[in-house]
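Trainee: Taking this note's numbering, the leading residue of the sequence shown gets 14, the next gets one more, and so forth.
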Amino acid sequence: MTGKRTRYSAEFKAKVALEALRGELTTAQLAAKHGIHQTMVGEWKRQAMEGLTAVFSGKAAAPESAKVAEAEVEKLHAKIGQ
């Protein structure tokens, strides 16, 4: 069973993790929606939660990545109508 691993962009992972953190859909529903395995949703959600502590401890990400993340959040909010 040889296969090629799929590499997902940081933006895609952040999008899925943010949706998982919102809790509007189950892990299984998110996995089916994005065509990924359920364990990936859980792993990215866990990584996002761990990364949040760095934000508040002064070890925030680089300004460019923060801008990208903020733009992604705004785009997702517009998508869901908030």
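Note that beta-carbon positions come from the ideal geometry of N, C-alpha and C, so glycine has one too.
1) I need the straight-line Cα distance from Ala82 to Gly36, nearest angstrom please.
2) Going by the beta-carbon positions, is the gap between Leu38 and Lys46 smaller than 9 Å?
3) Measure the C-alpha to C-alpha separation of Lys17 and Gly48 and round it to an integer number of angstroms.
4) Please report how far the alpha carbon of Arg59 lies from the alpha carbon of Val29, in whole angstroms.
Mentor: According to the structure data:
1) 19 Å
2) yes
3) 16 Å
4) 11 Å
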